[in-house]
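A.B. asks: Numbering (the working numbering), first residue to last: -13 to 293.
Every residue, glycine too, gets a C-beta built ideally from N, C-alpha and C.
#1: Distance check for residue 112 and residue 75, CA to CA, integer angstroms please.
#2: What are the boundary residues of the alpha helix (DSSP H) that residue 17 is part of?
#3: Please specify which runs of the alpha helix (DSSP H), each continuous and at least 4 residues long, are wholly inside the stretch 104 to 179, giving them in chain order.
#4: Quick one: measure Cβ to Cβ for residue 136 and residue 122, integer angstroms, because I've assumed they're closer than 8 Å.
#5: Specify, as a first and last residue, the run of the beta strand (DSSP E) that residue 83 falls within.
#6: Once you ignore the five residues that flank residue 310 on each side, which residues in its own chain have a CB closer than 7 Å to its CB?
#7: Would residue 71 be called buried (16 or more neighbouring beta carbons within 10 Å of its own) or exposed?
#8: Taking its Cβ as the centre, do 16 or more other Cβ atoms sit within 10 Å of residue 129, making it buried, or is it exposed?
#9: Can you name, in chain order, every residue of its own chain whose Cβ lies under 7 Å from the Cβ of residue 9, other than the five neighbours on each side?
#10: Just how far apart, CA to CA, sit residue 41 and residue 81?
#11: With distances taken Cα to Cα, identify the nearest neighbour of residue 153 among 230, 175 and 291.
#12: Could you check if residue 273 is buried or exposed, using at least 16 other CB atoms within 10 Å of its CB as the buried criterion?
#13: Roughly how many angstroms lie between the CA atoms of residue 18 and residue 100, to the nearest whole one?
#14: Let's see if you can read the secondary structure: which residues bound the beta strand (DSSP E) around residue 192?
#15: With which residues is residue 181 paired in a DSSP beta bridge?
#16: Among 165, 150, 119 and 151, which has the Cα closest to the Cα of residue 144?
#17: Going straight from the alpha carbon of residue 148 to that of residue 126, what length do you get?
#18: What residues in its chain sit with their C-beta under 8 Å from that of residue 15, if we drop five residues either side in the sequence?
#19: Using alpha carbons as the reference points, say which of 262, 77, 179 and 48 lies closest to residue 22.
#20: How should residue 180 be labelled, buried or exposed, when 16 other C-beta atoms within 10 angstroms of its C-beta is the threshold for buried?
#21: Strictly by DSSP, which residues pair up with residue 69?
#22: For residue 87, count neighbouring C-beta atoms within 10 Å of its own C-beta (all shown protein chains included) and say buried if the count is 16 or more, exposed if not.
#23: For residue 267, count the other beta carbons within 10 Å of its own beta carbon; 16 or more makes it buried, fewer makes it exposed. Which is it?
#24: So is the beta-carbon of residue 182 under 7 Å away from any non-hydrogen atom of the ligand SAM?
#25: Leaving aside the five residues before and after residue 48 along the sequence, list all residues of the same chain whose C-beta is less than 8 Å from its C-beta, in chain order.
#26: Please confirm whether residue 90 and residue 238 have their CB atoms less than 8 Å apart.
#27: How about residue 291: is its C-beta nearer than 8 Å to some C-beta of chain C?
#28: In whole angstroms, what separates the C-alpha of residue 106 from that of residue 176?
#29: Within its chain, find whatever has a CB closer than 6 Å to the CB of residue 46; leave out the 5 residues flanking it on each side and keep chain order.
#30: Where does residue 78 fall in DSSP's three states?
#31: On the CB-based measure, 16 or more other CB atoms within 10 Å of its CB, does residue 187 come out buried or exposed?
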């Protein structure tokens, strides 16, 4: 009878031990085992996403390197881009400007969208402080959701669910969307991420002013046109200039997005691996503690029988 009682007591104690551990706020062996498996699955997903981003980055880099020489003529007319820095006062942006921040529709790519959204909010705040009006045409769902909370009253239009990889046709469609927002703006400002290398990207903006047909800033001075024809040529050239600059900025933003996503997924995979190691150690300790407890109970029961 004593032996049977000891065996029953041992089984009850072994069943109650996990419950007691859970009651103290600690994970049981089963919970730790499930966490280890789920973390390993997440690690497989992030590792796969890293490889996909690396493959996409190669294609985006090729398109970017092809777009940069193509955009040289536009930079000759509109000037170089200006890096977004904390001390930038945006003095080269005139009153009543239309700001076009380029963000992505998808997340899991680090802080590229947050940097652009913060840059757009900073730009609007400093322009407001200088008494200058500004409006926004946001490209990308992430930027729209982030800026809608702070500067929602300035957003006049948004382009979301943009097809990837980017193409010149897509840039032309977004150009039409920007021009449809109004043609009474004094300048269009394109805010985007610039790809430096696979580990670095910076934020910059381009100011595109309309081409004047008369005055000191008259464009195409070396060419002779009829007044009506010249206005039409300058209007078409301004639209094509905006499209070319948008296309180049979108190529820069696409390469930056993939490089940031690749780095983010690499860090996520590394963190998941470290978490698996920590959970495995905790699981082994809990398992060893349970086995030790069961051995002590068996030995204690055997000693009681002998006694």
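C.D. replies: Inspection of the coordinates gives the following:
#1: 7 Å
#2: 15 to 56
#3: 127 to 137 and 154 to 166
#4: Between residue 122 and residue 136 the Cβ distance is about 11 Å, and since that is not below 8 Å, they are no contact.
#5: 83 to 87
#6: No answer is possible for residue 310: it lies beyond the span of the chain, which begins at -13 and ends at 293.
#7: exposed
#8: buried
#9: For residue 9, the pLDDT reaches just 40, beneath the cut-off of 50, and the residue's location in the model is therefore unreliable, although a value from the coordinates is still provided. None.
#10: 43 Å
#11: 230
#12: exposed
#13: 35 Å
#14: 186 to 194
#15: 187
#16: 165
#17: 7 Å
#18: 4, 269, 272, 273 and 276
#19: 262
#20: buried
#21: 190
#22: buried
#23: exposed
#24: You won't find the ligand SAM in this model; it holds no ligand whatsoever.
#25: none
#26: no
#27: Among the chains in the structure shown there is no chain C, since it carries only a single protein chain.
#28: 10 Å
#29: 240, 241 and 244
#30: coil
#31: buried
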